[in-house]
Amino acid sequence: MDIKGFIENFSAQFEDTDASVFNAETKFRELDEWSSLTALSILAMIDEEYDIQLSPAEMRTTNTIQELFDLVSSKEE
Amino acid sequence: MEYNPFALQGKTILVTGASSGIGRSIAIECSRMGAVVYLTGRNIVSLQETLSLMKEGPHQIITADLTDEASISNLVDKLPLLNGVVQNAGMLERMLCKAAKAEKIEKLMKTNFEGPVLLQKLLLKKNKIEKSGSVVFVASRAPFAPSIGNAFYSATKGAILGYAKTLALEVAPKQIRVNSICPAMVWTELAKKDAEQMSTNYEEAEQKYPLKRFGKPEDVAYLAVYLLSDASSWMTGSQIDITGGGELTLV
Numbered sequence: 001m002d003i004k005g006f007i008e009n010f011s012a013q014f015e016d017t018d019a020s021v022f023n024a025e026t027k028f029r030e031l032d033e034w035s036s037l038t039a040l041s042i043l044a045m046i047d048e049e050y051d052i053q054l055s056p057a058e059m060r061t062t063n064t065i066q067e068l069f070d071l072v073s074s075k076e077e
Numbered sequence: 078m079e080y081n082p083f084a085l086q087g088k089t090i091l092v093t094g095a096s097s098g099i100g101r102s103i104a105i106e107c108s109r110m111g112a113v114v115y116l117t118g119r120n121i122v123s124l125q126e127t128l129s130l131m132k133e134g135p136h137q138i139i140t141a142d143l144t145d146e147a148s149i150s151n152l153v154d155k156l157p158l159l160n161g162v163v164q165n166a167g168m169l170e171r172m173l174c175k176a177a178k179a180e181k182i183e184k185l186m187k188t189n190f191e192g193p194v195l196l197q198k199l200l201l202k203k204n205k206i207e208k209s210g211s212v213v214f215v216a217s218r219a220p221f222a223p224s225i226g227n228a229f230y231s232a233t234k235g236a237i238l239g240y241a242k243t244l245a246l247e248v249a250p251k252q253i254r255v256n257s258i259c260p261a262m263v264w265t266e267l268a269k270k271d272a273e274q275m276s277t278n279y280e281e282a283e284q285k286y287p288l289k290r291f292g293k294p295e296d297v298a299y300l301a302v303y304l305l306s307d308a309s310s311w312m313t314g315s316q317i318d319i320t321g322g323g324e325l326t327l328v
C-alpha cells in the first residue's frame with residue numbers, strides 16, 4: 001500500500017471537504033466534517049480496501065493521516 | 078403481609094443476559110421484590126457476580142449460549158415452571174449500511190432475534206410458563222430513533238417488537254402476557270463500548286435528553302418489575318418507551 005492511494009481513499013469518505021485539503025499531515029479530527037459517520041466510513045474503507053479490521057480505539061490513537069496509514073501498514077502482512 | 082400489588086413474592090422468573098447491564102439490574106430488583114430468579118448468560122463468573130449482588134434466595138445460575146440451539150434446549154430442560162420470563166440478552170454492533178457484511182448481520186440477528194425466538198418456542202412447547210405468566214422483551218427505541226451505523230441493530234429490535242406483538246395474541250388464551258420495553262440510551266458496558274465505536278462523547282450526548290441524562294439500568298428494571306407483577310395484569314401486546322424524554326434522540 002502507498003500513502004498516495006491511502007489519502008485518496010481517505011478523502012473519498014468526505015462529501016463537503018475538498019480533496020485538496022487532504023495530505024499526510026492533515027489532522028483529520030479537526031476537520032469540520034469529522035463525525036461518527038466519517039469515522040465509521042474510514043474504518044469501513046480500511047476494512048474494504050486493505051482487509052484490515054481496525055478498532056475505533058486503535059484509530060483514536062492516531063491524529064494525522066500519516067499516523068493512521070502507518071498503523072494500517074503495521075498490520076499488513 | 079403488607080399491601081403491594083407490585084411484589085413478585087412467590088414468582089419464579091428467568092432473566093436472560095443476566096451477567097451485566099440491564100439484565101443484571103433486572104435480576105437484582107426481581108430478587109428484592111421477592112422473586113426466585115433463574116439467571117442465564119454465557120459467562121459464569123459474571124453471573125456469579127450478579128448473584129452476589131442479589132437479595133438471598135434459592136436463585137439458580139444456568140449458563141447457556143442463546144445462539145446455540147442445543148444450549149437453549151439444555152437450558153429449558155433445566156428450568157422449573159416459570160411465572161415470568163425476561164428476554165433481555167442482546168448485542169450491539171454498529172455498521173454503516175454501505176459496509177454491511179453478511180456474517181455480522183447474521184450474528185446480530187442470531188443474538189437479538191433468532192435466539193430469543195427459539196428460546197420462547199421451547200418454553201412454550203415444554204409448557205414452562207405458568208398460566209397468567211408474564212413475558213418481557215427488552216427491545217430498544219433504536220427502530221424509532223435512527224442513529225448512524227445502527228441500521229442492523231435497529232432492524233433486529235424492530236423484528237423482535239413485531240414478533241412480540243403476535244406472540245401476545247397467540248398466548249393470550251393461556252392468560253400469558255407479552256410486553257416489550259423500548260429504552261433509549263442506558264449507561265451499561267454495552268453503551269460505553271458503543272460510545273467508543275461512535276467516537277462520540279456520550280456525557281455530552283446525554284445532555285440532549287430532556288431529563289439531562291441517559292437511563293440507569295435500574296430505571297429499566299423497575300419497569301420490568303411492573304410488567305412481571307400482577308399490577309400489570311391487563312397489559313399485553315404493549316411496547317413501552319422509557320426515554321428520559323429523549324424520544325427522537327438516541328445519541
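Taken in sequence, the protein lines are chains C and F.
The numbers in this note's numbering rise by one with no breaks, and the one at position 50 of the first sequence is 50.
Just add 77 to wherever you are in the second sequence, counting from 1, and you've got this note's numbering.
The beta carbon of each residue, even a glycine, is placed where N, CA and C say it ideally should be.
Keep in mind the model is a prediction, meaning the values are calculated, not measured.
Would you mind sorting residue i into buried or exposed? The rule is 16 or more other CB atoms within 10 Å of its CB.
i	result
Cys174(F)	exposed
Val263(F)	buried
Thr61(C)	exposed
Gly87(F)	exposed
Asp271(F)	buried
Thr188(F)	buried
Ala12(C)	exposed
Asn120(F)	exposed
Ser108(F)	buried
Asp296(F)	buried
Asn227(F)	buried
Tyr230(F)	buried
Phe80(C)	Chain C is shown only over 1 to 77; residue 80(C) falls outside these bounds and no answer can be derived.
Leu110(F)	Reading off the sequence shown, one finds Met at residue 110(F), where the question assumed Leu. Buried, by the Cβ-count rule.
Glu8(C)	exposed
Gly239(F)	exposed
Met275(F)	buried
Met131(F)	buried
Phe83(F)	exposed
Leu288(F)	exposed
Ala141(F)	buried
Val114(F)	buried
With a cut-off of 8 Å on the beta carbons, I'd call residue i and residue j a contact; round off their distance for me.
i	j	result
Leu54(C)	Val72(C)	7 Å
Leu85(F)	Val302(F)	7 Å
Ala245(F)	Thr313(F)	5 Å
Ala166(F)	Pro193(F)	7 Å
Leu159(F)	His136(F)	In fact, because the Cβ distance is near 13 Å, the residues do not count as touching under 8 Å.
Ser209(F)	Lys234(F)	Not confirmed; about 27 Å, so no contact.
Val163(F)	Val248(F)	At roughly 16 Å, the Cβ-Cβ gap does not stay under 8 Å, so Val163(F) and Val248(F) are not in contact.
Lys53(F)	Met172(F)	There is simply no residue 53(F) to check, as chain F begins at 78 and stops at 328 in what is shown.
Ile65(C)	Ala24(C)	6 Å
Leu124(F)	Ala147(F)	Not really, about 19 Å apart at Cβ, beyond 8 Å.
Ile317(F)	Ile258(F)	6 Å
Gly98(F)	Pro294(F)	6 Å
List the DSSP bridge partners of residue i.
i	result
Gln164(F)	Phe214(F)
Gly292(F)	Val263(F)
Gln137(F)	Tyr115(F)
Lys198(F)	BP columns for Lys198(F) are empty, so no partner.
Gln316(F)	Ser257(F)
Leu77(F)	The question about residue 77(F) has no answer, for chain F in this structure spans 78 to 328.
Lys27(C)	Thr64(C)
Assuming residue i is part of the alpha helix (DSSP H), what are its boundary residues?
i	result
Ser74(C)	65-75
Leu91(F)	First-last for Leu91(F): 89-93, but that is the beta strand (DSSP E), not the alpha helix (DSSP H).
Pro82(F)	Per DSSP, Pro82(F) belongs to no alpha helix (DSSP H) and is neither H nor E.
Met59(C)	56-60
Asn9(C)	3-11
Phe229(F)	228-248
Thr38(C)	36-50
Gly100(F)	98-109
Val122(F)	121-130
Glu183(F)	179-186
Tyr334(F)	Shown here, chain F extends from 78 to 328; a query on residue 334(F) therefore has no answer.
Starting from residue i, trace the beta strand (DSSP E) both ways and give me its first and last residue.
i	result
Asn256(F)	254-260
Val114(F)	113-118
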